[in-house]
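Per this note's numbering, the first sequence runs over residues 1 to 415. C-beta atoms are modelled at their ideal positions from N, C-alpha and C, and glycine is treated no differently.
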Amino acid sequence: MKQSQLLFKAQREAPKDEKSVNAKLLVRAAFVDKLMAGVYSYLPLGFLVLKKIENIIREEMVKVGGQELLLPALHPKENWAKTGRWQTEEMFKLKSRGGKDYGLGWTHEEIITPLVKKFVSSHKDLPLFVFQIQNKFRDELRAKSGILRGIEFIMKDLYSFHKDEKDLSDYYEKVKSAYFKIFARCGLKKETFLTLAGGGTFSKYSHEFQAVTPYGEDLIYLCRNCSLAINKEIIEGEGNACFKCKSKNLEQKKAIELGNIFKLNDRFSKAFDFYFKDVKGQKKIVFMGCYGIGLGRLMGAIAEINNDKNGIIWPKEVAPFLVHLIPIEASKKVIKAADNLYDDLQNQGIEVLYDDRYGKGAGEKLVEADLLGIPYRMVVSEKTLKQNSIEFKERGTEKMRLIKISNVKVQMSKL
RNA sequence: CGGAGAGUAGUGUAGCGGCAGCACGAGUCCUUCGGGAGGAUUUAGCCCGGGUUCGAAUCCCGGCUCUCCGACCA
1 MKQSQLLFKA QREAPKDEKS VNAKLLVRAA FVDKLMAGVY SYLPLGFLVL
51 KKIENIIREE MVKVGGQELL LPALHPKENW AKTGRWQTEE MFKLKSRGGK
101 DYGLGWTHEE IITPLVKKFV SSHKDLPLFV FQIQNKFRDE LRAKSGILRG
151 IEFIMKDLYS FHKDEKDLSD YYEKVKSAYF KIFARCGLKK ETFLTLAGGG
201 TFSKYSHEFQ AVTPYGEDLI YLCRNCSLAI NKEIIEGEGN ACFKCKSKNL
251 EQKKAIELGN IFKLNDRFSK AFDFYFKDVK GQKKIVFMGC YGIGLGRLMG
301 AIAEINNDKN GIIWPKEVAP FLVHLIPIEA SKKVIKAADN LYDDLQNQGI
351 EVLYDDRYGK GAGEKLVEAD LLGIPYRMVV SEKTLKQNSI EFKERGTEKM
401 RLIKISNVKV QMSKL
């Protein structure tokens, strides 16, 4: 991608109506744009990151048997009335001109359960796993923290359907480990903890995946003995001791919830009268689980955790581009060398952002490159060309080294 | 929803009852080119509605919006 053609302009200063680190950086670097509190547009750079995250999640969901589909965001009142959740406070409600009631989906049990029911009648049809990646709407009392807590946000929600509780439990564990893989692949390996959280009205507990960061909005307690972490609301109910080993040696940390997994058991299958016939021909209730990840929140957390005073430091797996190619000095020779390198890298299948903007000073280009946070920076200048080289630098490190242009291809294939 | 703060040009800010200014950005021209470069020139603004006043960006009232704390949070 040529930077001169990108919908992009770096802002020198953080907008005054953003305080959170993720929003300051993502807005300054033109990854996102705020439409209103809790609602952001993803600009081309941010959208690339989002798609990277989405693909990682999709791959891991498919690995645990998930089938992707897409459900509507606009829901009829009837489905929600069936479960008694029409009155839930976070539901945005609207009326058609004809007076019909609609709700905007903030989760999809009410839609997926009756849908899957149409296709399942026998134990042979189970288990079944379906997921979608789609915008959710939640009437939060207070949207905050940039893209960490929005009222419209992108979410992956997986729903599983089982013949009994045991099968649900087994699958639940599989998804748990898939989630760890997802967060690790997104560059949050060290920071992400599984925590015990409240289970809502379906079960006593659920599990949350919390990324530890000083800018987090939740409080979690890490047990030094077990590798367990516990959410504030649970620890208070457990006498401030570890749930497992009863240790009181707990470390309090601020964290951001990236994902939440639930055993729904028969809460929704009962409401929608969703039964199947077992091997003996007996009618049995379906067991369900649901598993969510907020994509925008994940992106925000990555930016929130991976940055320095100059800007974002994207992990390679989710970076909008792998290489930022920057010619300095507008001499024909430099431009020609950079043009050639851009073509070569692209032919090699490397995602490269080429800062071909004419007339920008060297300082400005380099400062903006740090702000964007693309993992590898290649600078071409008169100086480097004297040695038939480019300067190579990894974002987040200080080391620079020269690489012969003839060697770039080989070097890149090693990364 | 309770509490606190804030709305001035695209962005960031000054002005605090008497001509709305600065920096960056953007446009044109020229010179530059290794950490937001220089010169010339142009462009663009007081959130909305009332009130007080000879006069309001400024004071008062109402509204809207944003941020933060709390409450809430599948």
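To the nearest whole angstrom, what separates the beta carbons of residue i and residue j, a pair I think is in contact under 8 angstroms?
{"i": "Asn231", "j": "Thr195", "result": "5 angstroms"}
{"i": "Gln11", "j": "Val27", "result": "7 angstroms"}
{"i": "Val379", "j": "Ile328", "result": "6 angstroms"}
{"i": "Val318", "j": "Val49", "result": "5 angstroms"}
{"i": "Ala229", "j": "Gln210", "result": "6 angstroms"}
{"i": "Asn306", "j": "Gly216", "result": "Contact doesn't hold; Cβ gap of about 14 angstroms is too wide."}
{"i": "Gly103", "j": "His75", "result": "5 angstroms"}
{"i": "Lys295", "j": "Ile111", "result": "The sequence given here places Leu at residue 295; Lys does not occur at that position. With a Cβ gap of about 19 angstroms, Leu295 and Ile111 do not count as contacting."}
{"i": "Lys136", "j": "Trp106", "result": "5 angstroms"}
Grab the span of the beta strand (DSSP E) containing residue i for me, first residue to last.
{"i": "Met36", "result": "Val32 to Met36"}
{"i": "Phe392", "result": "Ser389 to Glu394"}
{"i": "Val120", "result": "Looking at the DSSP string, Val120 is not in any beta strand (DSSP E), and its letter there is neither H nor E."}
{"i": "Arg401", "result": "Met400 to Lys404"}
{"i": "Arg377", "result": "Tyr376 to Val380"}
{"i": "Val352", "result": "Val352 to Tyr354"}
{"i": "Val103", "result": "Strictly speaking, residue 103 in this sequence is Gly, with Val absent from that position. Unbroken beta strand (DSSP E) run through Gly103: Asp101 to Leu104."}
If you reduce the DSSP assignment to three classes, tell me which class residue i lands in.
{"i": "Val130", "result": "strand"}
{"i": "Gln210", "result": "strand"}
{"i": "Met155", "result": "strand"}
{"i": "Asn265", "result": "strand"}
{"i": "Thr88", "result": "coil"}
{"i": "Phe243", "result": "coil"}
{"i": "Ile305", "result": "helix"}
{"i": "Ala319", "result": "coil"}
{"i": "Arg478", "result": "The structure shown has nothing for residue 478, since the chain only spans 1 to 415."}
{"i": "Arg12", "result": "coil"}
{"i": "Asn340", "result": "helix"}
{"i": "Ala81", "result": "helix"}
{"i": "Asp17", "result": "coil"}
{"i": "Lys232", "result": "helix"}
Could you tell me which of the options sits nearest to residue i, measuring between CA atoms?
{"i": "Ile256", "options": "Ala301, Asp273 and Ser269", "result": "Ala301"}
{"i": "Gly431", "options": "Ala143, Ile133 and Asp167", "result": "Nothing about residue 431 can be reported from this structure: the residues present for the chain run from 1 to 415 only."}
{"i": "Gln3", "options": "Val64, Glu54 and Asp355", "result": "Asp355"}
{"i": "Ile133", "options": "Ala73, Val334, Gln282 and Ile312", "result": "Ala73"}
{"i": "Ser67", "options": "Gly198, Lys383 and Tyr159", "result": "For the sequence presented, residue 67 should be read as Gln rather than Ser. Measuring from the Cα of Gln67, the nearest candidate turns out to be Tyr159."}
{"i": "Pro114", "options": "Val286, Lys136, Phe272 and Tyr291", "result": "Phe272"}
{"i": "Leu25", "options": "Pro315, Tyr291, Ile147 and Ile403", "result": "Ile147"}
{"i": "Val410", "options": "Tyr358, Asp344 and Arg395", "result": "Asp344"}
{"i": "His162", "options": "Lys189, Phe274, Gly187 and Thr107", "result": "Phe274"}
{"i": "Val62", "options": "Gln348, Phe268, Ala197 and Lys156", "result": "Lys156"}
{"i": "Ser96", "options": "His108, Arg85, Lys52 and Lys77", "result": "Lys77"}
{"i": "Gly363", "options": "Ile405, Ile350, Arg401 and Asn310", "result": "Asn310"}
{"i": "Leu7", "options": "Lys19, Met36 and Ser41", "result": "Ser41"}
{"i": "Gly359", "options": "Ile335, Thr213, Ile235 and Gly349", "result": "Ile335"}
{"i": "Gly259", "options": "Ser331, Glu152, Arg224 and Phe183", "result": "Phe183"}
{"i": "Tyr291", "options": "Ser206, Phe119 and Asp278", "result": "Ser206"}
{"i": "Phe268", "options": "Gly46, Asp17, Ala23 and Glu109", "result": "Glu109"}
{"i": "Lys263", "options": "Val367, Ile405, Lys176 and Arg85", "result": "Lys176"}
Compute the minimum distance between the beta carbon of residue i and the heavy atoms of the ligand ZN, and state whether it is under 7 angstroms.
{"i": "Ala37", "result": "The model on display carries no ligand, and the ligand ZN is accordingly not part of it."}
What is the residue span of the alpha helix (DSSP H) that residue i lies within?
{"i": "Ala178", "result": "Glu165 to Arg185"}
{"i": "Thr195", "result": "Unbroken run through Thr195 is the beta strand (DSSP E), Thr192 to Gly198; no alpha helix (DSSP H)."}
{"i": "Phe47", "result": "Pro44 to Lys63"}
{"i": "Asn22", "result": "Val21 to Arg28"}
{"i": "Gly289", "result": "First-last for Gly289: Phe287 to Gly294, but that is the beta strand (DSSP E), not the alpha helix (DSSP H)."}
{"i": "Asp370", "result": "Ala362 to Leu372"}
Next item on the list: Evaluate the contact criterion for the segment 367-383 versus the segment 323-341: three or more CB pairs, one atom per stretch, below 8 angstroms.
Entry: yes
Check: Touch check for the segment 116-130 and the segment 277-286: three-plus C-beta pairs under 8 angstroms?
Finding: yes
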